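> Chains as they are written, first to last, in this note's numbering: chain X, 9 to 202; chain C, 123 to 253. Don't be surprised by glycine CBs; every beta carbon is placed ideally from N, CA and C. Just so you know, these numbers come straight off a predicted model, no measurement behind them. Take this structure, written in structure tokens, and hold onto it; I'll ask about it next.
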């Protein structure tokens with residue numbers, strides 16, 4: 009695991025964070041639930057909570073789908089390429105590329121569609137950035153920078169847990185067994201398993 | 123574009139689609155090595171700059187496979203557990219083509235991914251003892 013320079017983290021008086029969605033995106037409850045599930049992966053292992061706020065402007069974490077240049081100097085590039093990005097604490101900005109074909113359910117591993125991306129996998133990764141983790145060289149880790157299309161990876165690996173608990177401590181209810189790495193399937197561009 | 127499940131994805135998005143994706147053209151650079159000059163290679167330099175592997179790009183980016191590109195590729199290969207050849211071999215290109223997070227791997231020249239760790243932390247390091 010790695011951290012951003014200076015090891016930024018949410019201050020100790022901000023352990024119960026809220027998140028909100030750009031109203032213009034008009035996301036369905038199903039899509040919002042994917043993010044709730046993703047936040048849950050992290051709150052299982054650290055003493056932090058994440059709750060949906062109806063007030064986007066005052067939310068600690070602001071989530072939005074954008075295309076191309078969206079004003080933060082990090083333009084999106086259309087289908088595939090970069091999928092999303094998130095800023096280090098306590099910025100709370102979490103942007104996803106609206107050009108992607110986001111799949112909400114967990115059945116992406118049954119597809120050979122090369123341009124489909126599992127939303128929850130990307131959300132879990134980006135939340136790691138929002139909390140202060142950088143990228144990891146451990147391929148099974150959530151914080152590994154790449155994800156092949158047709159792949160679902162939503163469970164924190166030991167590397168992720170170790171990194172985030174070094175920043176925030178352990179959730180008292182965490183029993184150490186929920187963090188497993190499940191990379192259900194990875195499909196290369198040629199369609200072959202790798 | 124949101125799809126509740128895989129079967130809801132329309133046929134025009136299915137595998138036979140010829141729609142180009144962001145980095146498809148990088149496939150053409152497979153096999154490139156230091157000293158080569160290939161049309162469009164400057165885009166590869168911009169890719170490595172974007173993710174922090176080339177700290178600064180000159181205003182006139184060339185298509186030369188120069189030292190800065192070789193160094194960037196070696197660092198990238200270490201971070202992604204590939205053999206650090208400094209060349210755009212097939213494995214490296216396949217890794218580059220994968221969709222990824224837009225956050226940089228190296229921020230302000232520093233990283234604690236593999237390439238930023240001491241050699242002794244690498245599993246490939248051979249520890250010897252003199253007798």
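How should residue 100 of chain X be labelled, buried or exposed, when 16 other C-beta atoms within 10 angstroms of its C-beta is the threshold for buried?
buried
> Considering only residues of the same chain and omitting the five flanking positions on each side of residue 226 of chain C, which have a CB-CB separation below 6 Å?
173, 174
> Which class does residue 125 of chain C belong to by DSSP, given the choice of helix, strand or coil?
strand
> Taking 8 Å as the threshold (beta carbon to beta carbon), is residue 194 of chain C in contact with chain X?
no
> Can you list the beta strand (DSSP E) stretches of 3 or more residues lying completely in the segment 43-123 of chain X, in chain order?
You should have 57-60, 69-74, 92-94, 101-105, 109-111.
> With distances taken Cα to Cα, identify the nearest neighbour of residue 232 of chain X among X/161, X/65, X/10.
What is shown of chain X runs 9 to 202, which leaves residue 232 of chain X out entirely.
> Work out the CA separation of residue 217 of chain C and residue 120 of chain C for me, nearest whole Å.
Missing from the structure shown is residue 120 of chain C; chain C here goes from 123 to 253 and no further.
> When DSSP labels each residue in this structure, what does residue 233 of chain C get in the three-state scheme?
DSSP places residue 233 of chain C outside both helix and strand once states are collapsed to three, so it counts as coil.
> State yes or no: is the beta carbon of residue 176 of chain X nearer than 8 Å to at least one beta carbon in chain C?
Closer than 8 Å: no.
> Hey, out of X/73, X/34, X/71, X/155, whose CA is closest to residue 223 of chain C's CA?
X/155
> Could you check the C-alpha separation between residue 126 of chain X and residue 155 of chain C for me, to the nearest Å?
Taking the straight line from one Cα to the other gives about 35 Å.
> Count the CB pairs spanning the segment 131-144 of chain X and the segment 161-178 of chain X that are closer than 8 Å, and state whether there are at least three.
yes
> Return helix, strand or coil for residue 143 of chain C, following the three-state DSSP convention.
Coil at residue 143 of chain C, not helix or strand.
> Could you confirm whether any beta carbon from chain C is found closer than 8 Å to the beta carbon of residue 196 of chain X?
Residue confidence for residue 196 of chain X is low, a pLDDT of 33 falling below 50, so the modelled location carries little weight; the figure read from the coordinates is stated next. Taking 8 Å as the CB threshold, residue 196 of chain X lines the interface with chain C.
> In angstroms with no decimal places, state the Cα-to-Cα distance between residue 22 of chain X and residue 141 of chain X.
When the Cα atoms are used, residue 22 of chain X and residue 141 of chain X turn out to be separated by approximately 17 Å.
> For residue 88 of chain X, which residues in chain C fall below 8 Å Cβ to Cβ?
Residues of chain C passing the Cβ test: 143, 144, 145, 221.
> If you draw a straight line from the alpha carbon of residue 208 of chain C to that of residue 152 of chain C, how long is it in whole angstroms?
12 Å
> Under a three-way DSSP split, which group does residue 189 of chain X fall into?
Its pLDDT being 39, under 50, residue 189 of chain X is placed unreliably by the model, and the measurement read from it follows with that caveat. Annotated three-state conformation of residue 189 of chain X is coil, per DSSP.
> If you pair each beta-carbon of the segment 45-53 of chain X with each one of the segment 10-19 of chain X, do three or more pairs fall below 8 Å?
no
> So residue 123 of chain C contacts chain X; which residues on that side make the cut at Cβ distance below 9 Å?
Residues of chain X passing the Cβ test: 106, 107, 108, 109, 110.
> Please identify the residue among X/139, X/157, X/165 whose C-alpha is closest to the C-alpha of residue 148 of chain X.
X/165
> Counting along the chain, where does the beta strand (DSSP E) carrying residue 28 of chain X start and finish?
24-29
> I'd like to know whether the C-beta of residue 162 of chain C is nearer than 8 Å to at least one C-beta of chain X.
For residue 162 of chain C, no Cβ of chain X is located within less than 8 Å of the residue's own Cβ.
> Answer with buried or exposed for residue 181 of chain X, where buried requires no fewer than 16 other C-beta atoms within 10 angstroms of its C-beta.
Exposed: under 16 other Cβ atoms inside 10 Å.
> Given a cut-off of 8 Å, decide if residue 76 of chain X and residue 33 of chain X are closer than it, judged by their beta-carbon atoms.
no
> For residue 186 of chain C, which three-state DSSP category applies?
strand
> Can you check DSSP and say which residues form a bridge with residue 159 of chain C?
C/186
> The alpha helix (DSSP H) with residue 171 of chain X in it runs from where to where?
166-176
> Is any beta-carbon of chain X found at less than 8 Å from that of residue 217 of chain C?
yes
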